[in-house]
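**Student:** Just so you know, we're using this note's numbering here: the sequence shown kicks off at 123 and counts up by one.
Backbone N, C-alpha and C define an ideal beta-carbon position, used for all residues, glycine too.
First the structure, which I've put down as structure tokens, then a few questions once you've had a look.
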Amino acid sequence: MSGGKKLTPSQYYELFFKIRNTFNSNKDGEYDNFLHKTDQSLRNISMYLIENYIADYSHCTDKEECVERCKYLNIWLKEKKAIYTSNGKCTFYNKLWEEYIDKLWDKLHESIENSNKCKRDANLTGKDFPGNKFSEYCNKTPLEVLSLTCPDKAYANTCTTILTMSYVALGIVIIYLYFFKFSNLGNRIKNIIKNKLNIGGHMDEHENDELLRNSENETMSSINRMYNINYNSPIN
């Protein structure tokens, strides 16, 4: 329903407040920087704003029609801001709104070629909100919110360290097996061990190989014990 035809109030409402299941106006990811990565509610508002602005407002041609569409676009966005920021009373969500939605509006405003620009009406002055209905994050700083969402940061860091050490130990085992079982370097090392231990002169080949296998098994067991200790270490 885009174009220059003037609509009835109910048609304007349906145009800007409809539930969408496709989002096709963000061509080539032009507005991806304004789509929040983890806050799905804020991300959805950005996606809806892109569609409402580009698909349902920017193509109007008649000045009077553009004024009406701009009015309903502002009504829609003001309602979303009131819901997301608790009528502008939540410091944390206000900052997110400014960073994503306000900057997205400015970008859309700059990018459209329509001479009838839509003037933003974001005034929520005088709109109160009951203080006992605020969420725990509402008036905290972003750093304080981060500390609440990551209470086990030290635990997570310790787990990461242990897993890293375990993978390193596993890599050592794999490299050890490869060099000693399948490469010429492994055979050279075996010969060096034989010469150092002086076991080649008085033990037959079967006994030599058995001794080397036992040595390898002991080394493997030591590495496995180290791996298990790292993996199963208790975290205080």
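1) Which residue's Cα is closest to the Cα of D178: N245, S163, W198, K159?
2) Measuring only the C-alpha atoms, how far is S397 from N166?
3) List in chain order: all unbroken alpha helix (DSSP H) runs of 4+ residues lying wholly within the segment 156 to 241.
4) Report yes if the C-beta distance between K217 and P264 is below 8 Å; otherwise report no.
5) What does a CB cutoff of less than 8 Å around D224 pick up in its chain, not counting 5 residues either side in sequence?
6) For Y222 versus S180, is the C-beta distance shorter than 8 Å?
7) Give the secondary structure of L129 by DSSP, where H, G and I count as helix, E and B as strand, and everything else as coil.
8) Can you tell me which of the three DSSP states F139 falls into?
9) Cα separation between Y259 and F214?
10) Would DSSP call Y134 helix, strand or coil?
11) Could you compute how far the alpha carbon of V267 sits from the alpha carbon of Y175?
12) Grab me the residues of E190's own chain with a C-beta within less than 8 Å of its C-beta, minus the 5 sequence neighbours each way, in chain order.
13) Cα separation between F256 and I172?
**Tutor:** With the given structure in hand:
1) Check the Cα spacing between D178 and each of N245, S163, W198, K159: the tightest is with W198.
2) Any answer about residue 397 is impossible in this case: the structure gives the chain only from 123 up to 358.
3) Runs found: 162 to 172, 185 to 207, 213 to 219, 225 to 233.
4) yes
5) A244
6) Result no, Cβ atoms of Y222 and S180 do not sit closer than 8 Å.
7) coil
8) helix
9) 7 Å
10) helix
11) Taking the straight line joining both Cα atoms gives about 32 Å.
12) K128, L129, Y134
13) 28 Å
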